[in-house]
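Printed below as a string of structure tokens:
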């Protein structure tokens with residue numbers, strides 16, 4: 055399906071960008087569309103997309119300044135998404151990634 059391929063490719067790009075410390079501040083504090091998109095991707099029907107969204111959040115939360123912003127973003131919507139996946143995702147690898155994101 056073209057739509058799922060596009061989502062998989064887009065989250066790969068976001069995850070890659072989130073690994074770079076120079077990008078992290080911008081992605082969390084300046085361009086809120088990235089965080090909105092990550093929230094959306096935690097609801098994706100494809101488990102690999104959800105896992106990559108969590109890995110992206112984990113990467114972005116590396117600095118303390120970003121962790122604070124991520125937990126406060128839109129009244130904790132990202133933190134709620136991580137908790138939801140950690141507690142109830144049907145795939146163990148997604149639940150484990152969510153726990154790693156919380157641990158960061």
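Residue numbers (the working numbering): 55 to 158. All C-beta atoms in this analysis are idealised placements derived from N, C-alpha and C, irrespective of residue type, glycine included.
Contact set for residue i: own chain, Cβ-Cβ below 6 Å, skip 5 residues either direction
i           : result
residue 104 : 96, 98 and 148
residue 32  : The question about residue 32 has no answer here: the residues shown for the chain are numbered 55 through 158.
residue 125 : 133
Limits of the unbroken alpha helix (DSSP H) element including residue i
i           : result
residue 86  : 86-95
residue 100 : Where residue 100 is concerned, there is no enclosing alpha helix (DSSP H), given that its DSSP letter is neither H nor E.
residue 147 : 146-157
residue 67  : 56-72
residue 135 : 131-142
residue 79  : 75-79
Close-in-space but distant-in-sequence residues of the same chain around residue i (CB under 7 Å, 5 per side omitted)
i          : result
residue 83 : 123
residue 93 : 131, 132 and 135
Own chain partners of residue i with C-beta closer than 8 Å, once the 5 adjacent residues on each side are dropped
i          : result
residue 78 : 72, 113, 114, 116, 117 and 120
Minimum C-alpha distance to residue i - residue among the options
i           : options        : result
residue 145 : 67, 100 and 66 : 100
Residue i vs residue j beta-carbon contact at 9 Å
i           : j           : result
residue 106 : residue 60  : no
residue 127 : residue 156 : no
residue 110 : residue 63  : no
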